[in-house]
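The sequence shown runs contiguously to residue 745 in the numbering used here. Structure, as structure tokens:
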Amino acid sequence: MTGMCPFCKEAVELKKTAKEGDLVVCKACGTELEIVSLKPVELDWPLDDYDEDEDYDYEDDDYDDDYDDWEDDD
Ligand SMILES: [Zn+2]
């Protein structure tokens, strides 16, 4: 099963277990793509692609957990 990369128009191979909403990476151009449809296969850019910087925000959550720990001791 293959789809077409909307960016470079190369074929992107999908896993047999691929389902709508899964993310795949085009090996030709390295673009991360979301499977928006399987019959026929359609690939598109994930909607949150614009906010790549926000991916790093989750690391801040670790610090919050530490503060919670010492607050519980009181
Ligand atoms: Zn591509």
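Using N, Cα and C, we set each Cβ at its ideal position, and we do this for glycine too.
Selection from the options that minimises the alpha carbon distance to residue i
i, options, result
"Leu685", "Phe678, Lys698 and Cys679", "Lys698"
Beta-ladder partner(s) of residue i, from DSSP
i, result
"Met675", "Ala682"
"Leu714", "Ile706"
Same chain only: Cβ atoms within 7 Å of residue i, ignoring 5 sequence neighbours per side
i, result
"Ala682", "Thr673 and Met675"
"Glu691", "Ile706, Val707, Ser708 and Leu709"
Contacting residues, own chain, Cβ-Cβ under 6 Å from residue i (five flanking each side not counted)
i, result
"Cys679", "Ala699 and Cys700"
8 Å Cβ shell around residue i - same chain, five flanking residues per side excluded
i, result
"Ala689", "Met672, Val695, Ile706 and Leu709"
"Thr702", "Cys676, Phe678, Cys679, Val696 and Trp716"
- prompt: If you measure from each residue's Cβ to the nearest non-hydrogen atom of ligand 1, which ones come out under 6 Å, in chain order?
  reply: Cys676, Phe678, Cys679, Glu681, Cys697, Ala699, Cys700 and Thr702
query: Residue ranges of each beta strand (DSSP E) run of no fewer than 3 residues wholly in the segment 681 to 710, ordered along the chain?
result: Annotation: the segment 681 to 710 contains the following complete segments of the beta strand (DSSP E) (minimum length 3 residues), in chain order: 682 to 684, 694 to 696 and 703 to 709.
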